[in-house]
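J.:
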Amino acid sequence: MLTIVMRRHFSTGRRVLCSLQELQNLNGRGLKFPVQFPEQQSQLREAEPATTVQRARRRDALATGFVFWSQETQQPRAFLNRCPHALLELDWDDSDFFCEGFLFCKAHAAFFDPDTGVCLRGPTSSRKPLSNLNALHVAIDGEDIVLLTEAAQQGSDPSLATSAALSGPADLAAYKREKQRELANALSKRSEAASDVEAMQHQLHEKTMARLKRYEQIDDARAREKCV
Numbered sequence: 029m030l031t032i033v034m035r036r037h038f039s040t041g042r043r044v045l046c047s048l049q050e051l052q053n054l055n056g057r058g059l060k061f062p063v064q065f066p067e068q069q070s071q072l073r074e075a076e077p078a079t080t081v082q083r084a085r086r087r088d089a090l091a092t093g094f095v096f097w098s099q100e101t102q103q104p105r106a107f108l109n110r111c112p113h114a115l116l117e118l119d120w121d122d123s124d125f126f127c128e129g130f131l132f133c134k135a136h137a138a139f140f141d142p143d144t145g146v147c148l149r150g151p152t153s154s155r156k157p158l159s160n161l162n163a164l165h166v167a168i169d170g171e172d173i174v175l176l177t178e179a180a181q182q183g184s185d186p187s188l189a190t191s192a193a194l195s196g197p198a199d200l201a202a203y204k205r206e207k208q209r210e211l212a213n214a215l216s217k218r219s220e221a222a223s224d225v226e227a228m229q230h231q232l233h234e235k236t237m238a239r240l241k242r243y244e245q246i247d248d249a250r251a252r253e254k255c256v
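Numbering (our numbering), first residue to last: 29 to 256.
1. Ends of the beta strand (DSSP E) at LEU108?
2. Could you tell me which residues DSSP puts in a beta bridge with PRO62?
3. Within a Cβ cutoff of 7 Å, which residues of the same chain sit near VAL174, ignoring the five residues on either side of it in sequence?
4. Based on Cα-Cα distance, which residue from ASP122, ASN53 and ASP141 lies nearest to LYS60?
5. Ordered along the chain, which non-local residues of its own chain (more than five positions away) have a Cβ less than 7 Å from that of SER159?
6. Comparing alpha-carbon positions, which option in LEU200, ASP247 and ASN109 lies nearest VAL63?
7. If I follow the unbroken alpha helix (DSSP H) through LEU51, where does it start and stop?
8. Let's see if you can read the secondary structure: which residues bound the beta strand (DSSP E) around LEU176?
9. Mind checking ILE100: buried by the 16 CB within 10 Å criterion, or exposed?
10. So what's ASP248 in DSSP terms, helix, strand or just coil?
11. Under three-state DSSP, which class holds LEU211?
12. How is the beta strand (DSSP E) around ASP169 delimited, first residue to last?
13. Specify, as a first and last residue, the run of the beta strand (DSSP E) that THR147 falls within.
Structural data, given as structure tokens:
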């Protein structure tokens, strides 16, 4: 599992997650990190939440995030590591967040756009409305990737953290439709590839069975010759 040992940064509201080079060397894979520092998490675990609101706040504070280098935008991107449909981590603790170039929830098979966190296809076994990932604000600071802690604690609307080219809801809706088409094409090609493999396996099975049948026929013919 890939994780980050965070270092303190003395600029107000910033925490160093990793070096820029380290993130780029991962070739698109994600690095996980705790949203809070370990000592803050210990205090929250020991505290007994009295209300539903307090329990929700503790859950949020104990959550993890993940950061990756976007090859498309050449910028770091980060999100809260929680499927909004079931409040489970996306990666099943192995830091592998991607499927066919899209963020993927292994628990419920939901797909998200890696640039915005917008949900492109919801859980296959649920009729719940599509919910987006919470974006965490990260930035390049010299040779480091830093997390803006206030944004990390509060989360944000993914539509506000997207490309500068998206200037409003209409642009975001058009962008989402385009990404959904890209996802459908990628999954279709994957299905076609799987079908091709299955067809090849079926042909190989038929050839193997035909060869075995020929061998049986040869053996039977030889046995009859010996009996004559």
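The beta-carbon is built from N, C-alpha and C at its ideal position, and this holds for glycine as well.
T.: This is what the structure gives:
1. For the purposes of this step, residue 108 is identified with residue 80 of the sequence shown, where counting begins at 1. Segment 103 to 108, the beta strand (DSSP E) holding LEU108.
2. For the purposes of this step, residue 62 is taken as residue 34 along the sequence shown, with counting starting at 1. Paired residue(s): THR92.
3. The residue you call residue 174 lines up with position 146 of the sequence shown. Cβ within range, chain order: HIS37, ARG42, ARG43, VAL44, LEU45, VAL166 and ALA167.
4. Counted from its first residue, the sequence shown places residue 60 at position 32. That would be ASP122, whose Cα lies nearest to the Cα of LYS60.
5. Locating residue 159 in the sequence shown gives position 131, counting from the first residue. Within the same chain, and ignoring the five residues on either side of SER159 in sequence, the residues whose Cβ sits closer than 7 Å to its Cβ are PRO112, HIS113 and CYS147.
6. By 1-based counting over the sequence shown, the position of residue 63 is 35. Selected option, being the one with the closest Cα: ASN109.
7. On the sequence shown, residue 51 is found 23 positions in, with the first residue counted as 1. Counted as a single uninterrupted DSSP element, the alpha helix (DSSP H) harbouring LEU51 occupies residues 48 to 52.
8. Position 148 of the sequence shown, counted from the start, is the residue given in the question as residue 176. Per DSSP, LEU176 belongs to the beta strand (DSSP E) from 172 to 176.
9. Residue 100 sits at position 72 when you count from the first residue of the sequence shown. Note on residue identity: the sequence assigns Glu, not Ile, to residue 100. Burial call: exposed.
10. Sequence index remark: in the sequence shown, residue 248 carries index 220 (1-based). Of the three classes helix, strand and coil, the one that applies to ASP248 here is helix, per DSSP.
11. Here residue 211 is taken as the residue at index 183 of the sequence shown, counted from 1. Helix.
12. Along the sequence shown, read from residue 1 onward, the residue named residue 169 stands at position 141. Boundaries of the beta strand (DSSP E) around ASP169: 166 to 169.
13. By one-based count along the sequence shown, residue 147 stands at place 119. Reading the sequence as shown, one finds Cys at residue 147 and not Thr. That run of the beta strand (DSSP E) goes 147 to 149.
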